[in-house]
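This report concerns only the one structure given below.
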Amino acid sequence: MLNLFGYTGGATLACATAGAEVCHVDASKGIVSWARENAVASSLDKKPIRWIVDDCAKFVAREQRRGSRYDALIMDPPSYGRGPGGEIWKLEDCIYDLIQQCAGVLTDTPLFVAVNSYTTGLSPAVMEYMLKTTFC
Numbered sequence: 024m025l026n027l028f029g030y031t032g033g034a035t036l037a038c039a040t041a042g043a044e045v046c047h048v049d050a051s052k053g054i055v056s057w058a059r060e061n062a063v064a065s066s067l068d069k070k071p072i073r074w075i076v077d078d079c080a081k082f083v084a085r086e087q088r089r090g091s092r093y094d095a096l097i098m099d100p101p102s103y104g105r106g107p108g109g110e111i112w113k114l115e116d117c118i119y120d121l122i123q124q125c126a127g128v129l130t131d132t133p134l135f136v137a138v139n140s141y142t143t144g145l146s147p148a149v150m151e152y153m154l155k156t157t158f159c
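Quick look at the structure:
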């Protein structure tokens with residue numbers, strides 16, 4: 024399971040508890056450390072979780088080149104942010120490209136794709152269209 028913009032690890036830990044191997048990616052080293060602490064506090068630190076500090080789009084592009092495949096995707100992107108190299112992330116401008124990139128790292132029959140989008144700049148209908156045209 025690939026968890027992009029994993030933040031403090033709630034979804035990562037839930038999936039690991041359910042038996043998934045999880046790749047948790049967030050651009051903030053401090054946030055990934057916090058997520059790891061949450062795994063320890065939850066007695067889940069021995070679960071198969073890869074903790075990655077990286078720009079999510081760059082990570083997905085590298086995983087695609089490596090031929091890596093995931094059975095599921097959770098993505099909770101921010102409305103706006105900056106990557107570790109000063110890259111600017113604006114949901115309305117970047118999400119569709121990232122969704123399309125993610126299709127390239129999923130298995131042929133993924134279990135699920137979950138994308139949280141709470142920004143006011145992107146309507147639910149637009150997000151639905153992006154997901155349906157990419158994954159259905």
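Plus 23 on top of the position in the sequence shown (first one is 1) and you've got our numbering.
For every residue, glycine included, the Cβ atom is placed at its ideal position computed from N, Cα and C.
- When secondary structure is reduced to three states using DSSP, K113 falls in the strand class.
- With contacts defined by Cβ atoms closer than 8 angstroms, D94 and L67 do not form a contacting pair.
- Relative to Q87, the option among V63, L96 and A126 whose CA is nearest is A126.
- Residue pairing of D49 in beta bridges, as defined by DSSP: V76.
- By alpha-carbon distance to E60, the top candidate from E115, Y30 and A84 is Y30.
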